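Residue numbers (the working numbering): 1 to 789. Each residue gets a CB set at the ideal place from its N, CA and C atoms; glycine is no exception. Please read these numbers as outputs of a predicted model, since none were measured by experiment.
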């Protein structure tokens, strides 16, 4: 019970009331549970009367009866008006838990008594009864989780153990289902108790707030009074105020003969009062600050008055005054909370918006630089997750202190939300603003001391300069956010200035994302294939599947322009699954010895649909699994490496081959080769492009080929564009070649000159002989050294 209380985070001041509700629940369910307990026990004894287990069941039934009588007797000794703070209340709950444990043990014994002696029909009856007891018991006792678990676990353990001892495979399987049922009930108890505690705390909070509001209202009513006042034609008080409800101090302020105007501080309301008195116009509910001695308590009055005319002649003003000091304080507090952050004391988003609206309308001094600075903490989530939310709050307070320390008094510093801050700063010239930004980033990158723990939490900063052309505050906010996004892409602890190029990229990005949602539904995606050939025989050994987007207005769009967007908006899994299905459908048209490779993104490897999609695509097209090869990059392995390796082993068990793409471009290539048995490694084209001119590229290529041979893996060179590269790689033992020197990526129908394609209806025809590679594509000039763009 203590463990559940800690997890539910019940404050000490509410634990007693929670215990009182639990005791009330115990009183209300005890007799219902005892009645159900005895009724089910009688059913068990009657159902198995006359069997070999009868004698033991009589003893068991007697134990149930004695346990029930003890539980009934215990309830009579629990006073209805027991103080929840009394230790006896906790003892009563503990006794209830012990009774539940005893009852659970008794019901956990009965399967051992009956299972071996009963026919299958009787075993089914017992199973239904016991399952019902477990569900009903946990449901009724969910608000006392210790009692519920104490009852549930012995019963579940007894059922599972009894079924295991039957040495019957069916019962052993049912026992596993029973174990899952028990686990589900345990989770249900935990969830139900959590909901019960949250509901109780919410009710307590509402009660406390109601009491507080009631006290404030009563205090306000007791301390507020109204009184009358009157002036002559010159605005001087004539009558001593008639004080109601004993207002103290009013007669010492509103003295006869004093001008009414001189009682109050000059402000906007004072000007309205003065104008109304001059024009002999009525006024209502003017909130005026009373002049008090230096060091005196601030006092506010609400004054209402109207002119007095007798026989058409003006006689002065008469009205009523009310002390609104307390309501004014509350109003000011509410206004403060509406415009300032309660944690850091900085202006909030609303106030920043108001300052920004004013700043865009203010003319900019010559040569001066004014900027909106948008700042986001880089590792704030790590602080919250590791040190806790109170530590996160302390970090935010220290960040606000650093910001106010590095800024000038005239700068506007605000907390927008979470770990986002915004500043409006102005410096005499660009150099000083640049120095400020450098100092800001450097100051934010210094370690924080959070109650003895060190937190490194740098900040990324986006900057939007003010100009005379942009008067829309929303546009400035958007531009600063784009600059912040770019700063995060460049790395943590940086600042980045907004440029028109960022805005254009953002617009293009938004358009691409909008069009991508339509592309799948409108069947605008296409699969192209680039041949992979045997380095020795120049025979086609496979094709790499490459995705293209046939945009209705932009034409053919390459993956580099939309894959990142697809990952950001969550479409990459759907697109990746479509590519696998489309590649396998096209593979039916290829000879059976030709393989197909497909690239897998880091997000796709974590998708639950990946393995089913692969298996369905292979089965639907009658493709041998070893013909499919999945290409992954090191970025796939860098995210949740253990899960990724398990998923790759799962895929490889199907028979699919796995290749490590872009080998040598990451930081941990060798460690990944040791962690997973890849079938192939592909040398990145960056090491192939300068083989003719760079000795280090040649050395890297040779070393990679030797490494592949020593590990028993095949090796493919990407980006082969010249005859020299082809000859060099073949002479040094490269297995396969791929690149523009062989062929550009094309739809499969345009590669019929390289491999004999089957008709769509001839998927089961025997493979044709391997054709020799013809380097020159149809209608192309035979220039072996030219790159294909």
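- The region 735-755 makes contact with the region 537-547; the number of CB pairs closer than 8 Å reaches 3 or more.
- Secondary structure remark: continuous alpha helix (DSSP H) runs of at least 4 residues inside the region 361-431, in chain order: 380-387, 389-406.
- Boundaries of the alpha helix (DSSP H) around residue 130: 120-140.
- Contact holds between the region 368-377 and the region 419-430, because three or more Cβ pairs, one in each stretch, are under 8 Å apart.
- The beta carbon of residue 623 is closer than 6 Å to those of 584, 587 in its chain, skipping five residues each way along the sequence.
- By the CB criterion at 8 Å, residue 108 and residue 154 fall inside the cutoff.
- Of the other Cβ atoms in all chains shown, fewer than 16 fall within 10 Å of the Cβ of residue 24; this residue is therefore exposed.
- The shortest CA-to-CA distance from residue 514 to any of 462, 257, 571 is the one to 571.
- Taking the CA atoms as reference points, residue 22 sits about 10 Å from residue 16.
- Residue state for residue 268 is assigned as helix, using DSSP reduced to three classes.
- The beta carbon of residue 654 lies closer than 7 Å to those of 614, 615, 625 in the same chain, with the five residues before and after it left out.
- Between residue 495 and residue 441, the C-beta spacing is below 8 Å.
- Shown here, residue 178 sits in a helix according to DSSP, grouped into three states.
- The beta carbons of residue 711 and residue 701 sit no closer together than 8 Å.
- Sorting 305, 281, 208, 531 by C-alpha distance to the C-alpha of residue 230 places 305 at the top.
- Sequence-distant partners of residue 378 (beyond 5 residues in either direction) whose C-beta falls short of 8 Å from its own C-beta, in its chain, are 457, 458, 459, 460, 488, 492, 493.
- In this structure, residue 412 places its C-beta atom within 8 Å of the C-beta atom of residue 355.
- Under the three-state reduction of DSSP output, residue 321 falls in the strand class.
- Listed in chain order, the beta strand (DSSP E) elements of length 3 or more contained wholly in the region 535-576 are 540-551, 555-557.
- The region 309-316 makes no contact with the region 282-298; the number of CB pairs closer than 8 Å stays below 3.
- Taking a contact as a CB-CB distance under 8 Å, the pair residue 628 and residue 618 counts as one, their CB atoms being some 7 Å apart.
- In the same chain as residue 422, and ignoring 5 residues on each side of it, the C-beta atoms closer than 6 Å to its own belong to 352, 374, 414, 416, in chain order.
- One thing to note: residue 344 has its Cβ no nearer than 8 Å to the Cβ of residue 402.
- Inclusion of residue 678 and residue 703 in the CB contact set at 8 Å is not warranted, their separation being larger than that value.
- Taking C-alpha positions only, residue 186 is separated from residue 568 by approximately 38 Å.
- Cβ atoms of residue 520 and residue 575 come within 8 Å of each other, at about 7 Å.
- Two segments are said to touch when three or more pairs of C-beta atoms, one from each, lie closer than 8 Å; by this definition the region 462-471 touches the region 480-487.
- Residue 720 and residue 729 do touch by the CB rule: their CB atoms are close to 7 Å apart, below 8 Å.
- In summary, residue 649 is exposed, with fewer than 16 beta-carbon neighbours lying within 10 Å of its beta-carbon over all protein chains present.
- In the DSSP secondary-structure assignment, residue 313 is bridged to 310.
- When DSSP states are grouped into helix, strand and coil, residue 599 belongs to the strand group.
- Taking the Cα of residue 341 as reference, the smallest distance to any Cα among 324, 393, 363 is reached at 393.
- If only complete runs of 4 or more residues are kept, the region 712-736 shows the alpha helix (DSSP H) at 723-731, in order along the chain.
- Unbroken alpha helix (DSSP H) runs of no fewer than 4 residues, entirely contained in the region 627-712, are found at 634-638, 641-654, 669-675, 695-710, following chain order.
- Counting other Cβ atoms within 10 Å of its Cβ, residue 123 reaches 16 or more and is therefore classed as buried.
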